[in-house]
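Read through the structure below, which is laid out as structure tokens, and then see the notes.
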Amino acid sequence: MASLVVCGAINWDISCFVERLPVAGEEVIVKHITRVSGGTGGNIAVAAARILGAKEVALIGALGRDDIARQQITALEDEGVITESIAHIEGEESGQAYILVDQMGQNIIASYLGANARLDREYLNKEQVQQQLWECQGIVLTDPPLEIAEELINLAKRRAVPLLWDPGILIGPNLEALQSLAKEASVLFLNETEASALLGTGELNASLQKLKKLELGNHAVLKLGAQGAVMLDSASGKVTEVPALPLKKLELNVISTVGCGDVFAGVFAAYQVMGSSLERSLIMANAAAGLNATRPETRGSPDRADLEVLEQQFRNLGFTAHQYGAPKAVE
């Protein structure tokens with residue numbers, strides 16, 4: 000059975016590459032279009048499978064009964080992801096994401112949830128789903144419906160297995176409920192926008208204080224893109240920083256940042272399942288996400304062997320973690 004279970008969205012990504020992102024009411028010219036498998040759940044599962052190996056990662060999610068669904072299953076199984084626990088919803092389209100990517104790699108995304116939004120608590124009671132959840136060594140949540148997130152968080156707590164959560168789009172409309180549930184996650188992943196929405200600030204020391212106030216005793220990982228990543232431990236007040244990859248020294252350029260946060264979460268979770276330290280997991284996740292940004296495909300992360308060779312090369316260029324204690328809040 001799988002050592003890691005991922006639950007989240009499976010989307011068909013339609014990416015339009017443009018010179019610059021449009022402002023409201025403006026039309027821009029699309030240089031080229033790609034249509035590939037995506038979705039946070041699918042992306043995280045693939046990134047983790049490339050580290051852990053075939054049949055080590057299972058994905059819980061939902062698709063329709065359409066051509067997109069057939070292509071998605073094929074793509075996931077080709078990557079070694081176990082797809083037995085993916086629901087197929089009658090009368091509902093598979094999820095789709097429409098993405099604009101500019102020449103600097105920045106993007107805006109509009110998602111049609113489709114079948115993703117139809118996954119319900121009852122589905123988690125199916126035999127094959129329960130078996131995977133009870134035999135795995137770790138769970139990653141991205142953006143399933145909130146009732147699914149609550150059920151899986153409670154199950155992980157009963158089983159005493161680590162649960163890593165990237166709540167994504169759930170933060171906006173469910174802030175109070177999410178803050179309560181977030182206390183039970185071993186690691187909480189947030190990008191800059193999500194951190195500001197959940198914590199009311201993007202400043203590191205203020206974020207630590209807010210985590211304490213909310214009684215979030217877990218580790219919060221802030222994915223900061225070109226500024227690297229930071230892990231906050233509110234219990235000890237310790238901050239661990241990892242810089243962005245030295246892309247210029249490596250003669251690499253950012254092509255697209257789509258999917259980089261998903262790669263980060265998938266690789267982080269994979270190293271956690273393998274027993275690595277939080278610091279090691281943070282370093283490897285940030286390296287993989289940085290490499291993904293230099294490739295046009297959403298799922299452009301490396302396998303474990305290549306990543307570990309490259310990480311050693313990066314370390315020789317100063318790519319390493321730094322730890323320090325945050326200053327105490329002024330009373």
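Numbering follows numbering that gives the first Met the number 0, with no gaps: position 149 of the sequence shown is 148. Think of the CB as a built atom: it goes at the ideal place given N, C-alpha and C, for glycine as much as any other residue.
Problem - Exposed unless 16 or more other CB atoms sit within 10 angstroms - verdict on L174 - result: Under this definition L174 is an exposed residue.
Exercise for the section: Compare the C-alpha of G337 against each of S2, M0, A1, A8 and name the closest. Expected result: For the chain, the structure presents residues 0 to 330; residue 337 sits outside this window and is missing.
Problem - Identity of the residue in E310, L251, A205 nearest S280 by Cα - result: Selected option, being the one with the closest Cα: E310.
Practice task
In the DSSP assignment, find the unbroken alpha helix (DSSP H) run with T192 in it and report its ends.
Solution key: Judged by DSSP secondary structure, T192 falls within the alpha helix (DSSP H) whose first and last residues are 191–198.
Exercise for the section: Report yes if the C-beta distance between N106 and S255 is below 8 Å; otherwise report no. Expected result: Yes, Cβ-Cβ distance for N106 and S255 is below 8 Å.
Handout entry: Any non-hydrogen atom of the ligand MN closer than 7 Å to T33 Cβ
Key = The ligand MN is not part of the structure shown, which contains no ligands of any sort.
Practice task
Could you tell me which uninterrupted beta strand (DSSP E) segments, each at least 3 residues in length, are contained entirely in the stretch 146–178, listed from first to last along the chain?
Solution key: Segments of the beta strand (DSSP E) lying fully in the stretch 146–178: 162–164.
Practice task
In angstroms with no decimal places, state the Cα-to-Cα distance between A57 and Q131.
Solution key: Here the alpha carbons of Q131 and A57 stand approximately 8 Å from one another.
Handout entry: Span separating the alpha-carbon of V329 from that of E240
Key = Below a pLDDT of 50, predicted positions are generally treated as unreliable, and V329, at 39, falls in that range; the measurement from the model is reported next regardless. Going by the C-alpha atoms only, they are around 23 Å apart.
Handout entry: Limits of the unbroken alpha helix (DSSP H) element including D261
Key = Here the alpha helix (DSSP H) through D261 covers 259–272.
Handout entry: C-beta neighbour in chain B for S2, strict 8 Å
Key = As a matter of chain content, chain B is missing from the structure shown, which is built from one protein chain.
Practice task
List the whole-angstrom C-beta distance separating G60 from G113, where the pair is believed to meet the contact cut-off of C-beta under 8 Å.
Solution key: Incorrect: roughly 11 Å between the Cβ atoms, too far for contact.
Handout entry: Cβ contact check for the stretch 3–19 and the stretch 84–102: 3 or more pairs under 8 Å
Key = Taking a cut-off of 8 Å for Cβ pairs, the stretch 3–19 and the stretch 84–102 touch, as three or more such pairs fall below it.
Problem - Straight-line Cα distance separating V308 from R117 - result: Taking the CA atoms as reference points, R117 sits about 41 Å from V308.
Handout entry: Beta-carbon contacts of A288 that lie in its chain and below 6 Å, excluding the five residues immediately before and after
Key = The residues C259, V262, F263, in chain order, have a CB closer than 6 Å to that of A288 in the same chain once the five nearest residues on each side in sequence are set aside.
Handout entry: Cβ shell of V213 (< 6 Å), same chain only, five flanking positions each side left out
Key = The sequence given here has Leu at residue 213, not Val. Answer for L213: Q178, listed in chain order.
Problem - Where I44 sits in the DSSP three-state scheme - result: One point to set straight first is that residue 44 is Ala, not Ile, in the sequence displayed. Reduced to three states, the DSSP call for A44 is helix.
Problem - Simplified DSSP assignment, three categories, for R34 - result: DSSP places R34 within a strand segment (E or B) once states are collapsed to three.
Exercise for the section: Evaluate contact between the stretch 68–77 and the stretch 34–46, counting only Cβ atoms and requiring at least three cross-stretch pairs below 8 Å. Expected result: The answer is yes - the stretch 34–46 touches the stretch 68–77, with three or more Cβ pairs under 8 Å.
Exercise for the section: Mind the definition here: the stretch 282–302 touches the stretch 194–208 only if three or more C-beta pairs lie below 8 Å; say whether that holds. Expected result: These segments do not touch.
Problem - Alpha-carbon spacing of K115 relative to I152, whole angstroms - result: Looking at the sequence shown, residue 115 is not Lys but Asn. Note on geometry: alpha-carbon atoms of N115 and I152 lie some 19 Å from one another.
Handout entry: Coil, strand or helix - S206 by DSSP
Key = Helix.
Handout entry: Backbone CA spacing between L162 and S185 [nearest angstrom]
Key = The straight-line gap from Cα to Cα measures roughly 5 Å.
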